[in-house]
Every structure is written in C-alpha cells, then in structure tokens.
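Chemist: Mind looking over this structure? Questions follow.
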Amino acid sequence: MPSEAWRLLTPAEQFERIEAFGMYERGLIARVQGLQAPVAEVKPAQPKPLRLKVNPYEGEEGENLHFWVREVEFAMDAALISTERLRIAFALSNLEGRAKTWAYTREAITPGCFTTWAQLCEQFGTTFLSAKEPIPENIKVTLFMDILKVGPSPTQLFRVHANTMEVVIQIALQEEYSHRQARTPTS
Numbered sequence: 001m002p003s004e005a006w007r008l009l010t011p012a013e014q015f016e017r018i019e020a021f022g023m024y025e026r027g028l029i030a031r032v033q034g035l036q037a038p039v040a041e042v043k044p045a046q047p048k049p050l051r052l053k054v055n056p057y058e059g060e061e062g063e064n065l066h067f068w069v070r071e072v073e074f075a076m077d078a079a080l081i082s083t084e085r086l087r088i089a090f091a092l093s094n095l096e097g098r099a100k101t102w103a104y105t106r107e108a109i110t111p112g113c114f115t116t117w118a119q120l121c122e123q124f125g126t127t128f129l130s131a132k133e134p135i136p137e138n139i140k141v142t143l144f145m146d147i148l149k150v151g152p153s154p155t156q157l158f159r160v161h162a163n164t165m166e167v168v169i170q171i172a173l174q175e176e177y178s179h180r181q182a183r184t185p186t187s
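Numbering (UniProt numbering) for the sequence shown: 1 to 187.
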C-alpha cells in the first residue's frame, strides 16, 4: 500500500491492518516451523567394530602360538570384543585340528574351565609349548618392550632397534641409570 493511501486511513483502520499483517506473519512462521524436520539429538560417534581375519591355530609343530595369540588380541580389539566370555568364544572359534579338539574336549570335561582370556592363553601355553622349545628372541624383545611402555628406555630401544634380550636389557639398565642420574640433585 503506498504511503499516501496509508495516511488516508484512520488510526483504527491502520491498527486493524497491522493486526491482520501480524496474524498473517505468525501464521507463515508457524507453517515454516511445521515444515522443518525436528532436530535430532547429537549422539557421540560410536566406534564401529572391524572384523579381521585370524588364521586358525592348529597346535601343530612349527606353529607359533605367540603370534596367534597376538593376532587374536588385535582382532578382538578391532571387533570391540571386551567381555571375557566373548573373547574366549572368539578365540575358540579360531582353532582347528588338535588345538580345537583339545580345547573343546577340555571344556566338555570341565565346563567353565576357561573363564578368562589370560587363563585360556596360559593353558594353551602349558599344553602346546614344550619346555624344549625356547621362545624366539624377537618375541622376547617385543614382549619386554611392551612391558616397558613409556619412558626413556623404550624410546632408546626403538631408536637402536635391539634384537637380542641381552642388548635390550643392557640398554634399559643404562637408560634407567641415566634417568636417575639426571633427576638426582648435585650438591
């Protein structure tokens, strides 16, 4: 409406037009809000499980039980398997041959004999690792470095790429000694 025509309206007519426009505007707003999809709650991103293939362990001569255990642990972590019961079931499902026969026979004779993953690994070790078979040196080094986790020792061990336990222990002791010396105040 041109401004001249607006001036010709009485104050009551102007008020009436303003009210009508206000109602029209509120109606449009309500209609637009009704068309909008409700905003969903933002949920934190959940990690998705990843299924990794594990080579089955058969318990045959020359098979490396340590590598199989580590491979199963990686697969369980990737699959987000956290309960002991599921971890054991997953490990048992990746057995074949005499290892599978041994495990399921043991479970049939003594139900619930495998209650934790650590217990299962220990029983596998006593059954399938003979005392004559020494643990390979590279496995010992890897396990020792895994135990150290953080600090100056593992950092130096990774730099040096030690491949025997003797060298690893020597470096760890040197680093520990150096670290203690650096922390000891001098008088």
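Backbone N, C-alpha and C fix where the C-beta goes; we use that ideal spot for every residue, glycine too.
Using a 10 Å radius around the Cβ and a threshold of 16 neighbouring Cβ atoms, would you call G59 buried or exposed?
Modeler: Counting from one through the sequence shown, the residue named residue 59 turns up at place 59. G59 is buried by the Cβ-count criterion.
Chemist: With L86 as the anchor, note down where its alpha helix (DSSP H) starts and where it stops.
Modeler: For the purposes of this step, residue 86 is taken as residue 86 along the sequence shown, with counting starting at 1. First-last of the alpha helix (DSSP H) with L86: E84 to L92.
Chemist: Name the two residues that bound the continuous alpha helix (DSSP H) containing T115.
Modeler: Along the sequence shown, read from residue 1 onward, the residue named residue 115 stands at position 115. Per DSSP, T115 belongs to no alpha helix (DSSP H) and is neither H nor E.
Chemist: Report the three-state DSSP secondary structure of L8 (helix, strand or coil).
Modeler: Counting from one through the sequence shown, the residue named residue 8 turns up at place 8. Residue state, collapsed to three classes: helix.
Chemist: Less than 7 Å between C-beta atoms, sequence neighbours within five positions excluded: which residues of the same chain meet that for A120?
Modeler: Along the sequence shown, one-based indexing puts residue 120 at 120. It is worth fixing the name first, because residue 120 is Leu in this sequence and not Ala. Excluding sequence neighbours, L120 sits near I88, A91 and F114.
Chemist: Given that a residue counts as buried once 16 or more other Cβ atoms are within 10 Å of its Cβ, and exposed if not, what is W6?
Modeler: Counting from one through the sequence shown, the residue named residue 6 turns up at place 6. Under this definition W6 is an exposed residue.
Chemist: Smallest Cα separation from N163: which of A75, N138 and I169?
Modeler: In the sequence shown, counting from the first residue as 1, residue 163 sits at position 163. Closest option to N163, Cα to Cα, is N138.
Chemist: Is it right to say Y57 is buried, meaning 16 or more other beta carbons lie within 10 angstroms of its own, or is it exposed?
Modeler: Position 57 of the sequence shown, counted from the start, is the residue given in the question as residue 57. So Y57 ends up on the buried side.
Chemist: Within its chain, find whatever has a CB closer than 6 Å to the CB of L80; leave out the 5 residues flanking it on each side and keep chain order.
Modeler: Here residue 80 refers to the residue found at position 80 when the sequence shown is read from its first residue. Result list for L80: P49, in chain order.
Chemist: Have a look at L65 and L129 and give me their C-alpha separation to the nearest angstrom.
Modeler: In the sequence shown, residue 65 corresponds to position 65, counting from 1. In the sequence shown, residue 129 corresponds to position 129, counting from 1. Rounded to whole angstroms, L65 to L129 spans 8 Å at the Cα level.
Chemist: What's the call for F67, buried or exposed, on a 16-neighbour Cβ count within 10 Å?
Modeler: The residue you call residue 67 lines up with position 67 of the sequence shown. Exposed, since its Cβ has fewer than 16 Cβ neighbours within 10 Å.
Chemist: Between A99 and R106, what straight-line distance do the alpha-carbon atoms span, to the nearest angstrom?
Modeler: Here residue 99 is taken as the residue at index 99 of the sequence shown, counted from 1. Here residue 106 is taken as the residue at index 106 of the sequence shown, counted from 1. The straight-line gap from Cα to Cα measures roughly 11 Å.
Chemist: Expressed to the nearest angstrom, what Euclidean distance is found between the alpha-carbon atoms of I29 and A45?
Modeler: As a working note, residue 29 is residue 29 in the sequence shown. As a working note, residue 45 is residue 45 in the sequence shown. Computed Cα separation, rounded: 33 Å.
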